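Colleague: In this note's numbering, the protein residues as written are 70 to 110.
1. Quick check: what's the CA-CA separation for residue 104 versus residue 72?
2. Please say whether residue 85 and residue 79 have beta carbons closer to each other than 8 Å?
3. To which residues of the same chain is residue 89 closer than 8 Å at the C-beta, ignoring the five residues directly before and after it?
4. How many Å lie between residue 99 and residue 83 at the Cα?
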């Protein structure tokens with residue numbers, strides 16, 4: 070990240086409905102596989 074760069078705070082703005090984390094074994098999986106995993110939760 071570039072020093073001094075400002076990023077929007079979506080949590081503070083109340084825009085985060087749910088936060089979830091992928092298990093480590095899914096980090097290198099394709100987007101399709103990751104979304105399939107998330108949709109199945």
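Cβ coordinates follow ideal geometry from the N, Cα and C atoms, glycine included. The structure presented is a predicted model; accordingly, all values stated were derived computationally and were not measured.
Modeller: Quick look at the numbers:
1. Residue mapping note: residue 104 aligns to position 35 of the chain shown, counting from 1. Residue mapping note: residue 72 aligns to position 3 of the chain shown, counting from 1. Roughly 32 Å separates the two Cα atoms.
2. Within the chain shown, the letter at position 10 stands for residue 79. Within the chain shown, the letter at position 16 stands for residue 85. Yes; because the gap between Cβ atoms is below 8 Å, this pair is in contact.
3. By 1-based counting over the chain shown, the position of residue 89 is 20. Excluding positions up to five away in sequence, the list reads 107, 110.
4. On the chain shown, residue 99 is found 30 positions in, with the first residue counted as 1. On the chain shown, residue 83 is found 14 positions in, with the first residue counted as 1. Spanning the two alpha carbons is a distance of roughly 29 Å.
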